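Encoded as structure tokens, the structure appears first; notes follow it.
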Amino acid sequence: MINRLRTTNSVILLMGLFLIAIIIAPFIAPFDPNQVNMANRLKPVSLEHFLGTDHLGRDVFSRILAGAQTTVGTSFLVLAISLLLGVPIGLVSGYIGGRLDRILMRVVDAFMAFPDYIAAIILSGLLGPGIFNLIFAIVMVKWVGYARLARSTVLTEKQKDYILIAKVNGVGSMNILRRHMIPHVLGNVMVLATLDAGKIILMIASLSYIGLGAQPPTPEWGAMLNEAKAFFYNAPHLMLIPGLAIMVIVLIFNLFGDYLRDYYDVKNQNGGR
Amino acid sequence: MSTAGLEVLVSKNITKQYSSGQIAVDQVSLVIKKDECLGIVGESGSGKSTLARCLLALEKVDQGEIWFKNKALHTASKEDLRSIRRGVQAVFQNPAASLNPKLKIIDSLMEPLDFQKIIQPAFLIGTRHQREKTAEHLLEMVELPSKYLTCYPHELSGGEKQRVTIARAISIEPSLIILDEPTASLDVSVQAKILNLLKDLQQHLGVSYLFISHDLAAVNFMSDRIMVMKQGQIVDQFSKYDLFSVKRNPYTKELLHVFEG
């Protein structure tokens, strides 16, 4: 099954379907995700409510759809900011080298010294609960990975003869970065980013689960898990469904990351260009 | 120093020491004249490649002078260096590393001309401003089909890649090409073809070569004069016709012996 999912087309198809679902989520949701109906609480799966209702009678299917926007939208935002921060720092650090490189890399080391989750929990705990503080906290632990990767790619490529020849040919530093470095860096970084997307989704959901991320009534998968845990015996679907959603989305992102890694490997005739 | 202008490259007592303290190039003086091929032979680790990098101003020399067509390379500013280098090109040992794997052959091949619009090589008159035609012409000069222009480097064999780097090196009609072990990573039959190609191109274009190799036979085939390098120093130099002379340095005889034996 997993092997079949790995084939290029089905991975792209899954990713495409998923992205479309996120975009059109508000239009296909049968109910308002925040509409409370106490008379209709903790209902199991039915035709009216595909995935049942939660402890406040809200439609779980609509909340899952809306939660996809929160969770995945937030993780994309985190990724985008981390890339914009980490990649240029890594590029400059690796290419210029010397004292600047040493200073920047000590900063990176300092950030890396903390385990991801601990640092994110401390930061968002200090800043207070809320989605923007959560984004800030996760960016602070994630950008360093991109800086490191961009730097190490630049260091590898810098040694290659074609860079020496470009220098002999009078190609300036900016053009060497643009022509020779950035394509290599972006290839590696995109793969890491896609593989990271799954982890970031997990992190957002985890922090929201312990109450540091999205606040009720915002629909968010981790927060939904948190709200549902009190009703686990009566209505297990309330935990199973957001849990499954998280699992499936992380799987899709990981498969897509594998696919991208093959794609960016030019030598791979099947997936390459 | 005889009549100025005939010498393309002159180095005087250049010394390069690594930060580890090891002296890679020790007091090397050499002269490369117009249309000539100077060979440098030495074992690996003898400082040949470091010498090449110093002469290309990719590494700063610690001592000594380098003059390219009577312009000082060792003291040149960034701008001066750019203009001086318009007359120098290089071909390195590993053709796979000399081409960016993510660029099409045409983009790697045209890099020198794309980035130095000023240059107007005589053999490209008429096609200089038609990028594709220029590129096709260059490939033709190294006996490669023009269909390779849209390929990526991994689609070519090692010998074909080296031909591309040679085409790139001649594209700006340089006065000097530094060939640092250009055939070392190729198999024997391809080596011979590349050497013949280099020799033909030299006659055709009137370019000077600095041919660096550990292979005395290849150096002897290519060069007019030969220098023998050992532990960073030039221990022997002679015209190729004097290779078997009794006056040769014991180390040169030792190298010769390897080939005869």
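From first to last, the protein sequence lines are chains A and B. Per full-length UniProt numbering, the very first residue in the first sequence carries number 1; after that it's consecutive. Per full-length UniProt numbering, the very first residue in the second sequence carries number 1; after that it's consecutive. From the three backbone atoms N, C-alpha and C, an ideal C-beta is built for every residue, glycine too. Keep in mind that this is a model prediction, so the values were computed, not measured.
Proximal residues, the stretch 227–239 of chain B versus chain A, C-beta separation under 9 Å: none
Quick one: using the 10 Å Cβ neighbour count with 16 as the cut-off for buried, is residue 272 of chain A buried or exposed? Within the first sequence, numbered from 1, the residue matching residue 272 of chain A stands at position 272. Any answer about residue 272 of chain A is weak, because its pLDDT of 37 lies below 50 and its placement is not dependable; what the coordinates show is given next. So residue 272 of chain A counts as exposed.
Is the CB-CB distance between residue 134 of chain A and residue 73 of chain A below 9 Å? Reading the first sequence from its first residue, position 134 is the one you call residue 134 of chain A. Reading the first sequence from its first residue, position 73 is the one you call residue 73 of chain A. Taking 9 Å as the Cβ cut-off, residue 134 of chain A and residue 73 of chain A do not qualify as a contacting pair.
Nonlocal neighbours in the same chain, by C-beta distance under 7 Å from residue 188 of chain A, ignoring five residues either side: Residue 188 of chain A sits at position 188 when you count from the first residue of the first sequence. Excluding residues within five positions, the ones whose Cβ falls inside 7 Å are 149 and 153.
So, does the stretch 158–174 of chain B touch the stretch 182–198 of chain B, judging by three or more C-beta pairs under 8 Å? yes
Just the chain B side, please: which residues come within less than 7 Å of residue 161 of chain A by C-beta, in chain order? Along the first sequence, one-based indexing puts residue 161 of chain A at 161. By Cβ distance, chain B contributes 92, 94, 97 and 98.
Alpha carbons only, please: which of B:231, B:226 and B:232 is nearest the one belonging to residue 248 of chain B? For the purposes of this step, residue 248 of chain B is identified with residue 248 of the second sequence, where counting begins at 1. It is B:226 whose Cα lies nearest to the Cα of residue 248 of chain B.
What does the alpha-carbon distance come out to for the pair residue 178 of chain A and residue 96 of chain A? Here residue 178 of chain A corresponds to residue number 178 of the first sequence, with the count starting at 1. Here residue 96 of chain A corresponds to residue number 96 of the first sequence, with the count starting at 1. Roughly 14 Å separates the two Cα atoms.
Nearest to residue 16 of chain A by CA position, among A:249, A:263 and A:261, is which residue? Here residue 16 of chain A corresponds to residue number 16 of the first sequence, with the count starting at 1. Closest in C-alpha terms to residue 16 of chain A, from the list A:249, A:263 and A:261, comes A:249.
Mind listing the chain B neighbours of residue 164 of chain A? Cutoff is C-beta to C-beta under 8 Å, in chain order. Residue 164 of chain A sits at position 164 when you count from the first residue of the first sequence. Near residue 164 of chain A (Cβ distances below 8 Å), the residues of chain B are 53, 56, 58, 90 and 92.
9 Å Cβ cutoff met for residue 238 of chain A and residue 42 of chain A: Taking the first sequence and counting its residues from 1, the one referred to as residue 238 of chain A is at position 238. Taking the first sequence and counting its residues from 1, the one referred to as residue 42 of chain A is at position 42. Their beta carbons are under 9 Å apart, which means residue 238 of chain A touches residue 42 of chain A by this criterion.
For a test of the three-state rule: what should DSSP assign to residue 54 of chain B, helix, strand or coil? Stepping through the second sequence from its first residue, residue 54 of chain B is reached at position 54. Three-state DSSP puts residue 54 of chain B in a helix.
Pair within 9 Å by beta-carbon distance, residue 43 of chain B and residue 253 of chain B: Numbered from its first residue, the second sequence carries residue 43 of chain B at position 43. Numbered from its first residue, the second sequence carries residue 253 of chain B at position 253. Going by C-beta atoms, residue 43 of chain B is not nearer than 9 Å to residue 253 of chain B.
DSSP beta-bridge partners for residue 39 of chain B? Along the second sequence, read from residue 1 onward, the residue named residue 39 of chain B stands at position 39. The partner list for residue 39 of chain B (beta bridge, DSSP) reads B:211 and B:226.
By DSSP, does residue 45 of chain A sit in helix, in strand, or in coil? Locating residue 45 of chain A in the first sequence gives position 45, counting from the first residue. Residue 45 of chain A falls in the coil class under three-state DSSP.
Rank A:230, A:245 and A:193 by C-alpha distance to the C-alpha of residue 261 of chain A and give the top, closest one. The residue you call residue 261 of chain A lines up with position 261 of the first sequence. Out of A:230, A:245 and A:193, A:193 has the C-alpha closest to the C-alpha of residue 261 of chain A.
So what does residue 12 of chain B bridge to, in DSSP terms? Counted from its first residue, the second sequence places residue 12 of chain B at position 12. Answer by DSSP bridge pairing, in chain order: B:65.
In angstroms, rounded to a whole number, what distance separates the CA positions of residue 132 of chain B and residue 106 of chain B? Locating residue 132 of chain B in the second sequence gives position 132, where the first residue counts as 1. Locating residue 106 of chain B in the second sequence gives position 106, where the first residue counts as 1. C-alpha of residue 132 of chain B to C-alpha of residue 106 of chain B: approximately 8 Å in a straight line.
Determine whether the Cβ of residue 105 of chain B lies closer than 9 Å to any Cβ atom of chain E. The chain inventory of the structure shown lacks chain E, comprising the protein chains A and B.
How should residue 136 of chain B be labelled, buried or exposed, when 16 other C-beta atoms within 10 angstroms of its C-beta is the threshold for buried? Within the second sequence, residue 136 of chain B is the residue found at index 136, counting from 1. When all chains shown are included, residue 136 of chain B counts as buried.
When you compare the stretch 234–251 of chain B with the stretch 52–67 of chain B, are there three or more beta-carbon pairs, one atom per stretch, that lie closer than 8 Å? no
Determine whether the beta carbon atoms of residue 93 of chain B and residue 182 of chain B lie at a separation below 9 Å. Here residue 93 of chain B refers to the residue found at position 93 of the second sequence. Here residue 182 of chain B refers to the residue found at position 182 of the second sequence. Yes. Within cutoff.
Name, going along the chain, the residues of the stretch 78–96 of chain A whose beta-carbon falls closer than 7 Å to a beta-carbon of chain B. none
Member of B:49, B:74 and B:100 whose CA lies at the smallest distance from the CA of residue 183 of chain A: If you number the first sequence from 1, residue 183 of chain A lands on position 183. Measuring C-alpha to C-alpha distances from residue 183 of chain A to each of B:49, B:74 and B:100 identifies B:100 as the nearest.
Going along the chain, which residues of its own chain have a beta-carbon closer than 7 Å to the beta-carbon of residue 113 of chain B, five neighbours each way excluded? Locating residue 113 of chain B in the second sequence gives position 113, counting from the first residue. Counting only Cβ-Cβ distances below 7 Å, and skipping sequence neighbours, we find 119, 134, 171 and 172.
Taking a Cβ distance cut-off of 9 Å, strictly less, list which residues of the stretch 167–194 of chain A are near chain B, in chain order. 167, 168, 169, 170, 171, 172, 175, 179, 180, 183, 184 and 187
Own chain partners of residue 202 of chain A with C-beta closer than 8 Å, once the 5 adjacent residues on each side are dropped: The count along the first sequence starts at 1 and reaches residue 202 of chain A at position 202. Around residue 202 of chain A: 246 and 250.
Residues in the same chain with beta-carbon distance under 7 Å from residue 108 of chain A, minus the five sequence neighbours each way, listed in chain order, please. Stepping through the first sequence from its first residue, residue 108 of chain A is reached at position 108. So the list reads 144, 147 and 148, once near-sequence residues are dropped.
Does DSSP put residue 119 of chain B in a helix, in a strand, or in coil? Counting from one through the second sequence, the residue named residue 119 of chain B turns up at place 119. Reduced to three states, the DSSP call for residue 119 of chain B is coil.
Leaving aside the five residues before and after residue 71 of chain B along the sequence, list all residues of the same chain whose C-beta is less than 6 Å from its C-beta, in chain order. To locate residue 71 of chain B, count along the second sequence from 1; it is residue 71. Result list for residue 71 of chain B: 84, in chain order.
Which full runs of the alpha helix (DSSP H) of 4+ residues lie inside the stretch 118–205 of chain B, going along the chain? 131–141, 158–170 and 188–205
Please name the residue or residues paired with residue 238 of chain B in a DSSP beta bridge. As a working note, residue 238 of chain B is residue 238 in the second sequence. Partner(s): B:226.
Interface flag, residue 165 of chain B vs chain A, CB-CB below 9 Å: For the purposes of this step, residue 165 of chain B is taken as residue 165 along the second sequence, with counting starting at 1. Answer yes: the Cβ-Cβ gap between residue 165 of chain B and chain A drops below 9 Å somewhere.
If residue 22 of chain A sits next to residue 68 of chain A, beta carbons under 8 Å apart, how far is it from one beta carbon to the other, in whole angstroms? Position 22 of the first sequence, counting from 1, holds the residue named residue 22 of chain A. Position 68 of the first sequence, counting from 1, holds the residue named residue 68 of chain A. With a Cβ gap of about 5 Å, residue 22 of chain A and residue 68 of chain A count as contacting.
C-beta atoms of residue 110 of chain B and residue 201 of chain B nearer than 9 Å: The sequence position of residue 110 of chain B within the second sequence is 110, counting from 1. The sequence position of residue 201 of chain B within the second sequence is 201, counting from 1. No; because the gap between Cβ atoms is not below 9 Å, this pair is not in contact.
Which residue comes first and which comes last in the alpha helix (DSSP H) that contains residue 235 of chain A? On the first sequence, residue 235 of chain A is found 235 positions in, with the first residue counted as 1. Neither: residue 235 of chain A is in no alpha helix (DSSP H) and is coded neither H nor E.
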